[in-house]
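In what follows, a structure is listed as structure tokens, so that the remarks can point back to it.
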Amino acid sequence: MYRTRSLFVAILFLLAGSLAGLAAATPEIPPGTDVHVRMIDTLTSAKVTAGDIFHGTLEEPIVVAGKQVFPKGADVTGTVVAVHESGRLSDPGELSLVLNTISSKKMASSVTVQPLVVKGESHGKSNVTKIGGGAALGAIIGGIAGGGKGAAIGAGAGGAAGTAGAAATGKRDAVVESEAVLKFVTTETSTAAPVPQASTTAEPATRENTPTAKEPERDEPGGNDSFGNAVLFTARDRRVIRNCLNAHATEFPEGTLERPEPSGSDRQVRVGGTLPSDVETKAQALPIACEQQLPNLRSNQERVVYSGRVLLVDDSGHVLDMFELNENR
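With the numbering used here, letter number 186 in the sequence shown gets 196, and the count goes up by one each step, no holes.
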């Protein structure tokens, strides 16, 4: 009897220890945590609509209790939850923004933040406030020193050029430039969960554990496993590639980084399609300096540039992913 009771108590202690270890292994982001986001997309109340998704990267790591949960550069997604288009000078445009997710190679989390309002102000300049708070956040909007083209937005950022522009158009659009840094604040506890790995020893028969050398044998139309193994372009990848290609633009043939009106075989360049032979001969590989800043690909996949687009293709010419260099610009 006593032995059974002692065994039961021991099991309870073991279970409690396991649960404590599990809790420690899943870090939480508490309410009131600052999230600094460097924008990838440009947003303006004249063009976006409620429900549009925007992308950015963490400008500063998120650290909880002395431990880093997400590193600087982690991918961030958000949503435009409300838009008010500018009328005349007395009716400025507004954008209301929230964050959805933060993700890195190891962790991912959905987040709930206080909505951030960007309002057209001072004849074309923007003022950012928290809903209900009313505090101007102009000081935290704009490019960090050496960080790109982000311009200061908000209180104190007025100027003659903005005044002249607003007077001419009668509009005061709310604008968030690409490379601007926005500060959001979490309102609820968020749990950061580990990102599932591509393969585990518990699944020896899955395609992820099949020897790499056999992959090309299955890359046939209608049964292409390359899509399941593709390292798709993240928001960070797109930003890195755009910046790197701008720095190496002179290394490409004329017109490679520009998107003309599509015609002929160019219309067949789409995700899920196969590159026509004439397009394959014109596609240019990414510079090594760019590849060194990106995740490694499988041996049968490659990133190439063609006609103002960056493509992820396999050795059979299948287009696994793509984006336009001038997208959201």
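Where is the CB? At the ideal position from N, CA and C, for every residue including glycine.
Looking at the structure shown, is residue i part of a helix, part of a strand, or coil, going by DSSP?
i    : result
T120 : It is worth fixing the name first, because residue 120 is Ser in this sequence and not Thr. Three-state DSSP puts S120 in a strand.
I251 : helix
V374 : Look at the range of the chain in this structure, 11 to 339, and you will see that residue 374 is not part of it.
N256 : helix
I298 : helix
R308 : coil
E104 : strand
G142 : Because G142 sits at a pLDDT of 42, beneath the cut-off of 50, its placement in the model cannot be relied upon, and the point is left open.
R280 : coil
E334 : strand
E261 : helix
V245 : Here residue 245 is Ala; the residue named in the question, Val, does not match the sequence. Helix, per DSSP.
S188 : coil
Between residue i and residue j, what straight-line distance do the alpha-carbon atoms span, to the nearest angstrom?
i    : j    : result
Y316 : T266 : 6 Å
N310 : S106 : 43 Å
L255 : A245 : 16 Å
L53  : V127 : 12 Å
A259 : R249 : 15 Å
T36  : S114 : 14 Å
D247 : V323 : 16 Å
T87  : D44  : 16 Å
K116 : P81  : 10 Å
G327 : I39  : 43 Å
Taking a contact to mean a Cβ-Cβ separation below 8 Å, would you say residue i touches residue j in this structure?
i    : j    : result
V241 : P297 : no
G130 : S188 : no
R319 : E334 : yes
V185 : R48  : no
F243 : D331 : yes
If residue i and residue j are in contact, beta carbons under 8 Å, what's the gap, nearest whole angstrom?
i    : j   : result
I112 : A84 : 6 Å
Task: Inter-stretch contact (C-beta, 8 Å, three-pair minimum) for the region 54 to 69 and the region 115 to 126 - done: Here the region 54 to 69 does not lie against the region 115 to 126, with fewer than 3 beta-carbon pairs under 8 Å apart.
- [ ] Kindly confirm or deny that the region 55 to 62 and the region 82 to 93 touch, where touching means at least three C-beta pairs closer than 8 Å.
- [x] A contact exists between the region 55 to 62 and the region 82 to 93.
Task: the region 281 to 300 touching the region 188 to 207, judged by at least three CB pairs closer than 8 Å - done: A contact between stretches requires three or more CB pairs, one per stretch, nearer than 8 Å, and the region 281 to 300 fails this requirement with the region 188 to 207.
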